[in-house]
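Chemist: Read top to bottom, the protein sequences are chains A and B.
Using our numbering, you'd call the opening residue of the first sequence number 1 and step up by one each time.
Using our numbering, you'd call the opening residue of the second sequence number 1 and step up by one each time.
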Amino acid sequence: MSSLFRKFTWWAQRRRKEEELREELQFHLDEETHERQADGVAEDQARWAAHRDLGNVTLVHEDTRTLWTWILLEQLGQDVRYGLRTMFKNRVFTTLAALSLALGIGANTAIYSFMDSILLRSLPVRDPASLVVVKWRSRPFNMAATNGSEFVMHSIDGRTYRDSAGTTAAIFPFPAFERLQQTSAPVLSSVFAYFPAGNVNVMIKGEAELADGEYVSGDFFRGLAVSPAAGRLIIADDDRAGAPPVAVISMGYSQRRFGGAAEAAGQPILINNVAFTVIGVTPSEFFGVDPGAAPDVYLPMRANLLFDSDAARLYLDQNYYWVQMMGRLRPGVRRAQAQAALAGPFEQWVAPTATNDRERANLPVLRLEEGAGGLDSLRRQYSKPLYVLLAMVGLILAIACANTANLLLARAVARNREMAVRLSLGAGRLRVVRQLLTESVLLASLSGGLGILIAVVGIRVLTLLLANGQEGFTLYAELNWHVLGVTLGLSLLCGVLFGLAPAIQSTRPALMPALKDRSVSEPRTSLRGRVPRLSLTQALVVAQIAISLLLLVAAGLFVRTLSNLQSISLGFNRDSVLLFELNAPQAGYPESRVAAFYADLRRRLSEVPGVRDATLSHASLIRAGRAYPITVDGQPTRGTRILYTGPRFFTTMQIPMLRGREIAEGDRQGTLPVAVVSDLFARTNFGDEDPVGRRIEVGGSMRVRGAPVVLEIVGVAATARYGGLKREIPPVVYVAYAQVPSPQLEEMTYALRTDGDPLRYVAAVRQIVREADARVPLTNVKTQAADIDQTINQEIVFARLCSAFAVLALIIACVGLYGTMAYGVARRTSEIGIRMALGARGGSVVWMVLREVCVLAALGLAISVPIALGTSRVIQSFLFDTKPNDPATLAFAVTILLCAALLAGYGPARRASRISPMIALRQD
Amino acid sequence: MVLKPPSRVELLRGTLDLLILRTLLPGPSHGHAIAKHIQRTSEDLLQVETGSLYPALYRLEANGWVAASWEKSEKGKRARYYRITPLGRKQLAREQSKWDAFARAMGLLLKPAAGEGR
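1) According to the neighbour-count rule (16 or more other Cβ atoms, all chains shown, within 10 Å of its Cβ), is Asp17/B buried or exposed?
2) What would DSSP say about Arg59/B, mapped onto helix, strand or coil?
3) Which of the residues in the segment 72-87 of chain B, read from start to end, lie with their CB under 9 Å from any CB of chain A?
4) Among the candidates Gly485/A, Asp296/A, Ala813/A, Glu728/A, whose CA atom is the shortest distance from the CA of Asp881/A?
5) With DSSP run on the structure shown, which of helix, strand or coil describes Ala275/A?
6) Select from Ile834/A, Gln784/A, Gln794/A, Cys854/A the residue whose C-alpha is nearest the C-alpha of Glu818/A.
7) Output yes if chain A places a C-beta closer than 8 Å to the C-beta of His32/B; else output no.
8) Which bits of chain B does Asp941/A rub up against, with CB to CB less than 8 Å?
9) Do you know offhand how far Ile537/A's Cα is from Leu462/A's?
10) How is Glu285/A classed by DSSP in three states: helix, strand or coil?
11) Which of helix, strand or coil does DSSP assign to Ala539/A?
12) Identify the residues that DSSP records as bridge partners of Leu579/A: which are they?
13) Can you tell me the Cα-Cα spacing of Ala129/A and Val289/A, whole angstroms?
14) Quick one: give me the first and last residue of the alpha helix (DSSP H) that Lys36/B is part of.
15) How would you list, in chain order, the residues of chain B whose beta-carbon sits under 8 Å from the beta-carbon of Val60/A?
16) With respect to 7 Å, is the separation between the Cβ of Gln435/A and the closest non-hydrogen atom of the ligand NAP below this value?
17) According to the Cβ coordinates, are Thr109/A and Ala624/A closer than 8 Å?
18) Would you list, in sequence order, the uninterrupted alpha helix (DSSP H) runs of no fewer than 4 residues that lie entirely inside the segment 191-251 of chain A?
19) From the beta carbon of Glu43/A, is the nearest beta carbon of chain B less than 8 Å away?
20) Should Trp136/A go down as buried or exposed, given a rule of 16 or more other Cβ atoms within 10 Å for buried?
21) Does the beta carbon of Phe27/A come closer than 8 Å to any beta carbon on chain B?
22) Nearest-angstrom Cα distance between Gln669/A and Glu712/A?
23) So, at 8 Å on beta carbons, what are the nonlocal neighbours of Thr94/A in its own chain, with the 5 sequence-adjacent residues on each side left out?
24) Would you say Thr64/A faces chain B, with C-beta separation under 8 Å as the test?
25) Do you know offhand how far Gly252/A's Cα is from Leu479/A's?
26) So what's Glu522/A in DSSP terms, helix, strand or just coil?
27) Cα-Cα, which of Pro609/A, Gly646/A, Leu601/A, Arg593/A is closest to Ala619/A?
28) Is there a C-beta anywhere in chain B that falls below 8 Å from the one on Glu31/A?
29) Using the three-state DSSP reduction, which class does Trp70/B fall into: helix, strand or coil?
30) Relative to the C-alpha of Val274/A, which candidate in Glu263/A, Leu390/A, Asn304/A, Val281/A has its C-alpha closest?
31) Using the C-alpha atoms, what's the distance from Leu897/A back to Gly816/A?
32) Going along the chain, which unbroken runs of the alpha helix (DSSP H) with 4 or more residues stay wholly within the segment 43-100 of chain A?
33) Using 8 Å as the threshold, is the C-beta distance between Glu795/A and Thr561/A below it?
34) At the 8 Å Cβ level, is Met1/A part of the contact set with chain B, yes or no?
35) Tell me the residue span of the beta strand (DSSP E) that contains Leu131/A.
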């Protein structure tokens, strides 16, 4: 302890100490000289003898100084300074090594941060580990069975997940929730329900806007153990029919719309044209139970009675599956125990809801799943793509590490002479190793710093890529410091490992030859040997080439998939079309006036200068997907889909009419309902007959007073895409939204065919809609092209990212190859000089170098082609119309790689061919 | 490199501290005087290497066994004088008894008793 203190005080006054020591030694010299002079020696002789006697003054200084400083620290300072100087002197080397490592670190951190926020993070509530999600599972069944129901779930609002062994879902009838509330008390401290309200129209201070809503049961916030940031949260008493309408909003929403949590609490708002009071605000980190959605507004479950007087029956229907449930385990109760305890009561409840024997034979079985991470919708959607991406960036990091190692190795050999000089001047071996280590750690830290920067930017770019302009995209990742730690550690390890190997190697040279000539102590190259023996550098280059090929193949497959998707014929013209959505009923329009509002708006929009045509449909073509039972001459048709359209739909979308006419403004309520059918529908159901004038019947929930709606076919349109790009085009019946009643006809998608860039018209469109009715907000404003791109977003992201990764890998590998070859040529300058002196031509020297490049590339390919063939099946599910072992892609990747390798090797080869024999030979 | 006269004895490792402390026992002295004193008292058999004398002095000071101060030398020049501290005296006593034991042991081993051998 005292020595530590002393070192501190001494270190603090080390300048004075140093001065004193100098003076003391000077005194010693003077005395010694004096003494010798007294013995009769001449003064200069005496002084010289005194000096000789004292020995190395600097060493005395050094030895003494160890007592009052941390010599390690001081030497570290020297090493760092020296290291920085060397790095600055070798700017190209430093930049290449640091950049490649930084890209590896940054890409890994960015991707892993996303994985973490999607796949691994727990809900930000108290004790998330005790949360469970309630689900059910059953054997496979067909919901659309025509000969009587096969399953107790007759209708649903939500998602089911089907696999080969059966179906899983997390939606239940409301009475099932009530039964669990009554029976779960022994194992669950609370059980609560919720279901998404979708977009709700929120009017605050006269400003209408769509917000993401969620209905929650009275126990929701208590069960999750969330405390309010302001006001209070929804309690059981709020969730009953006839309770005063209250809402809780998220912290972000309160700041956006009210300017803060405290300002929001107690304020009145209009939700779907019904007056509510904001009673409280959730804490900022809370995002509900689904990491894939972040509701802005939470409403008591029974608030839906205020919007839809018909909703009351939903609470009683035992075969309508809609509410989702979570629960919290009592302390000490395991999930399996709770599941066993609840399975019985659920079975007792569900058994009587079966209406026939087939339903009784396949009853859903209750399951409890882990709820710490919330719902798994995002995990299902993104986990596999992210694992693929993670594998890719992992490969990039491997290449970057190999590259850095390679550069460090090459440089260590180049510095052999420097090391020999140092060692021969008396530097300790450990001291030299430490200096080299410091340099590699410095390099790794520099890359780490750059890596953080790249990670931050990468996360932003990735968020943009994944969102691709979608509104309400909720996937946000934050820089994950754990990951950063791991990748930084990895880069440090890489730096240390490959800094150390050459450090040890190069501090053990035979000093004399290393001092005399730099080319003797190195191993002979493989070129002339019949059995090529790879040096470590060459092995690293081979590994880089192999990895690059894997990434190139993956990129090739994804790009092919994307181009396949993009070259799919649409049947309509996607260019210069502006789309946006409106929902008039939600803003408070009575049903009777909705059709008139939509029609009037279409007329006004079509009068905007530059808008050639305007139309509307219940969804854009690429997102549509609605089916009713349709019969032709009493015969049910197969797989027919319906699109509600407005006038001039086919003109606007530029779908050619093959026969008859398109739906026009005259087709309004009160006239005979008409339909246009697609060519595919006509061929499938009428063969070669002309369907114009024929009638079809639409049943299901489109019935009016129990009778199917009869439509007269007035035209046949060319077959155009309906639904996602990857699906087969179904037969389609286009109906006039104004003529045909639809229980689900709420929001409409407008399509404007414009002159020039469609986005130029957005301001004008907003103005017109505001003038028509300020309560109706515009949503999802985008071009038709963007609309299509969003449906193949994953493919676009994959193609872009993978191409970027592949190019990156290729560049890094080429840098490695270039470095190795350039170094090899420099090392063999004299050999090449002799060859040229003996008559070798420039061409043959170029070929000699390129041959080595080819050997390395061939080795890399020999390793990676089988791996590529073996593993490309992993990404099969991401491909469209492309075989995983697509030979063209493989050939393309190999060609690119070879070209890049030859290009990288050509520089050094050319330099070799320009070696002047005279200069080369004079070096020795 | 100047070869040392063969008659001189290499200082044993660790004995320099002991010699310095012993030299300082009568009174304060500066580095050069200490070196000369050891050399003379040992009849020139022991040559103190100046290169290790000063680090040793600083080490002793760091351990608190000697204290240093700047004073005027006999010739009126500023010199750093070292004086032994009470802590140093204790250390000297400890070292000296160790050395005595060591010397005795060496003597016993190297001078064979009468009658031994042959």
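Cβ coordinates follow ideal geometry from the N, Cα and C atoms, glycine included.
Modeler: Reading it off the structure:
1) Here the question's residue 17/B lines up with position 17 in the second sequence. Taking every protein chain shown into account, the CB of Asp17/B has 16 or more other CB atoms within 10 angstroms, so this residue is buried.
2) If you number the second sequence from 1, residue 59/B lands on position 59. DSSP places Arg59/B in helix when its eight states are reduced to three.
3) Ser73, Lys75, Lys77, Arg78, Ala79, Arg80
4) Taking the first residue of the first sequence as position 1, residue 881/A is located at position 881. That would be Glu728/A, whose Cα lies nearest to the Cα of Asp881/A.
5) Stepping through the first sequence from its first residue, residue 275/A is reached at position 275. Looking at Ala275/A - three-state DSSP - the assignment turns out to be strand.
6) Sequence index remark: in the first sequence, residue 818/A carries index 818 (1-based). Note on residue identity: the sequence assigns Tyr, not Glu, to residue 818/A. Measuring from the Cα of Tyr818/A, the nearest candidate turns out to be Cys854/A.
7) For the purposes of this step, residue 32/B is taken as residue 32 along the second sequence, with counting starting at 1. So yes, His32/B belongs to the interface.
8) With chain A represented from 1 up to 924, any question about residue 941/A goes unanswered, as that position is not in the structure.
9) On the first sequence, position 537 is the one that residue 537/A refers to. On the first sequence, position 462 is the one that residue 462/A refers to. According to the sequence as given, residue 537/A is Thr; it is not Ile. Cα to Cα, Thr537/A sits roughly 34 Å from Leu462/A.
10) Within the first sequence, the letter at position 285 stands for residue 285/A. It is coil, neither helix nor strand.
11) Residue 539/A sits at position 539 when you count from the first residue of the first sequence. Ala539/A: helix per DSSP, three-state reduction.
12) Taking the first sequence and counting its residues from 1, one reaches residue 579/A at position 579. Per DSSP, Ala751/A, Lys782/A.
13) Residue mapping note: residue 129/A aligns to position 129 of the first sequence, counting from 1. Residue mapping note: residue 289/A aligns to position 289 of the first sequence, counting from 1. Between Ala129/A and Val289/A, the C-alpha separation is close to 13 Å.
14) Counting from 1 along the second sequence, the entry for residue 36/B is found at position 36. Element bounds for Lys36/B: 31-41.
15) In the first sequence, the residue the question calls residue 60/A occupies position 60. Those are Thr50, Gly51, Tyr54, Pro55, listed as they occur along chain B.
16) No copy of the ligand NAP occurs in the structure displayed, which carries no ligand at all.
17) As a position in the first sequence, residue 109/A is number 109, starting the count at 1. As a position in the first sequence, residue 624/A is number 624, starting the count at 1. Not a contact, by the Cβ cut-off of 8 Å.
18) 220-224
19) The residue you call residue 43/A lines up with position 43 of the first sequence. Not one chain B Cβ lies under 8 Å of Glu43/A.
20) Position 136 of the first sequence holds residue 136/A. It is buried - the Cβ of Trp136/A has at least 16 other Cβ atoms within 10 Å.
21) Start at 1 with the first residue of the first sequence, and residue 27/A comes out as number 27. Yes, its Cβ sits closer than 8 Å to a Cβ of chain B.
22) The sequence position of residue 669/A within the first sequence is 669, counting from 1. The sequence position of residue 712/A within the first sequence is 712, counting from 1. In this model, Gln669/A and Glu712/A are separated by some 14 Å (Cα to Cα).
23) To locate residue 94/A, count along the first sequence from 1; it is residue 94. Here the set comprises Met87, Phe88, Leu443, Leu446.
24) Here the question's residue 64/A lines up with position 64 in the first sequence. So, interface residue.
25) As a working note, residue 252/A is residue 252 in the first sequence. As a working note, residue 479/A is residue 479 in the first sequence. Taking the straight line joining both Cα atoms gives about 20 Å.
26) Taking the first sequence and counting its residues from 1, the one referred to as residue 522/A is at position 522. Residue placement at Glu522/A is flagged as unreliable, the pLDDT there being 43, under the threshold of 50; the coordinate-derived value follows with that caveat. Here Glu522/A sits in coil by DSSP.
27) The sequence position of residue 619/A within the first sequence is 619, counting from 1. Residue Gly646/A is the option with its Cα nearest to Ala619/A.
28) Mapped onto the first sequence, residue 31/A falls at position 31. So yes, Glu31/A belongs to the interface.
29) Mapped onto the second sequence, residue 70/B falls at position 70. Of the three classes helix, strand and coil, the one that applies to Trp70/B here is strand, per DSSP.
30) Residue 274/A sits at position 274 when you count from the first residue of the first sequence. Among Glu263/A, Leu390/A, Asn304/A, Val281/A, the Cα nearest to that of Val274/A belongs to Asn304/A.
31) Locating residue 816/A in the first sequence gives position 816, counting from the first residue. Locating residue 897/A in the first sequence gives position 897, counting from the first residue. Each residue's alpha carbon lies about 13 Å from the other.
32) Entirely contained in the segment 43-100 of chain A, the alpha helix (DSSP H) runs reaching 4 residues are, in chain order, 43-54, 57-65, 71-89.
33) Residue 795/A sits at position 795 when you count from the first residue of the first sequence. Residue 561/A sits at position 561 when you count from the first residue of the first sequence. Yes, Cβ-Cβ distance for Glu795/A and Thr561/A is below 8 Å.
34) If you number the first sequence from 1, residue 1/A lands on position 1. No answer about Met1/A holds up, because its pLDDT of 46 lies below 50 and its placement is not dependable.
35) Here the question's residue 131/A lines up with position 131 in the first sequence. That run of the beta strand (DSSP E) goes 131-138.
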